[in-house]
Every structure is written in structure tokens, then in C-alpha cells.
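Residue 86 in this note's numbering sits at position 87 of the sequence shown; the count goes up by one each step and never skips.
Virtual Cβ for every residue (Gly too), placed ideally from N, Cα, C.
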Amino acid sequence: MSSNSDTISNILFYIQKNPEKAIFKSGQYKNSIQIFIPDDIKIGNTNLFFPKSRLRVNRMNTDFMENNNDLINYFYNLTNDEENNYTEVWVTTGHIINHHKFIIDLSFE
């Protein structure tokens, strides 16, 4: 299972183009950003990438990061990290049923 699947990349592009649909939370960890979007947004493979009341963790592969550098940097710039020396990006996704939200956590390592 790859974090740079069409589903994950489509969601990240969607959030970048529609930030008003997302809630961004940073601050707990300098090198990460949490994003919450409504669970009624149509997403492919929701059972795989947004399991109910569970988390799914994936590492973005190097090719995805190189081909989508602007997208990755867009989200990195939303963190409180100032070092800018990450080499890996981890994506944690899940479905928070009680709040009707999908969560996407990006961690820059």
C-alpha cells in the first residue's frame, strides 16, 4: 500500500485548492500538520485509506515527493517547523465517525 496512491494525492490537491473545506491544526508537534475534512466529500477507497475509528499510516515514496514538490512544500509551510530538512513524509489517515470528519496527518521527518 502506497501513500502516494491516486486517492491520497487527489485528497491533498483537493485540500490545497479548497482550503475553506478543511480545518488545519498545527502546534502539538512542529513537524506535522493535521487536516480535517468533512466525511461527505467523495473519496475513492475510503475503507482502505480512511478506516472507521482506526488510523492508517503510509510513507510517501521518493518519486511522489520529487514529482509533487510544490504540493508537499505547501503543506510543510503550514507546520511550525523552521528547519526545512525533512527527507520523508508520513501520511496518517482515518475516519472520525462521531465528528463526521476524515483526518489527514502529515509528518515531515
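So for residue i, helix, strand or coil by DSSP?
{"i": "I95", "result": "strand"}
{"i": "P37", "result": "strand"}
{"i": "N3", "result": "At N3 the pLDDT is 49, less than 50, meaning the model places this residue with poor confidence and gives no usable figure here."}
{"i": "F101", "result": "strand"}
Any idea which residues DSSP pairs residue i with across the strands?
{"i": "R58", "result": "W89"}
{"i": "S106", "result": "S31 and W89"}
{"i": "F127", "result": "Because the chain spans 0 through 108 in this model, residue 127 falls outside it and cannot be assessed."}
Judging by CA-CA distance, which residue of the options is the nearest neighbour of residue i?
{"i": "G26", "options": "K51, Y13, T78 and R55", "result": "T78"}
{"i": "I10", "options": "S31, D39 and K29", "result": "D39"}
Under 7 Å Cβ to Cβ from residue i, same chain only, skipping five residues before and after it: list those, please.
{"i": "I14", "result": "A21, I34 and I36"}
{"i": "Y73", "result": "Q15"}
Among residues of its own chain, excluding the 5 on either side of residue i, which ones have a beta-carbon nearer than 6 Å to its beta-carbon?
{"i": "Y75", "result": "F107"}
{"i": "I103", "result": "I34 and T92"}
With burial defined as no fewer than 16 other Cβ atoms inside 10 Å of the residue's Cβ, what is the status of residue i: buried or exposed?
{"i": "S31", "result": "buried"}
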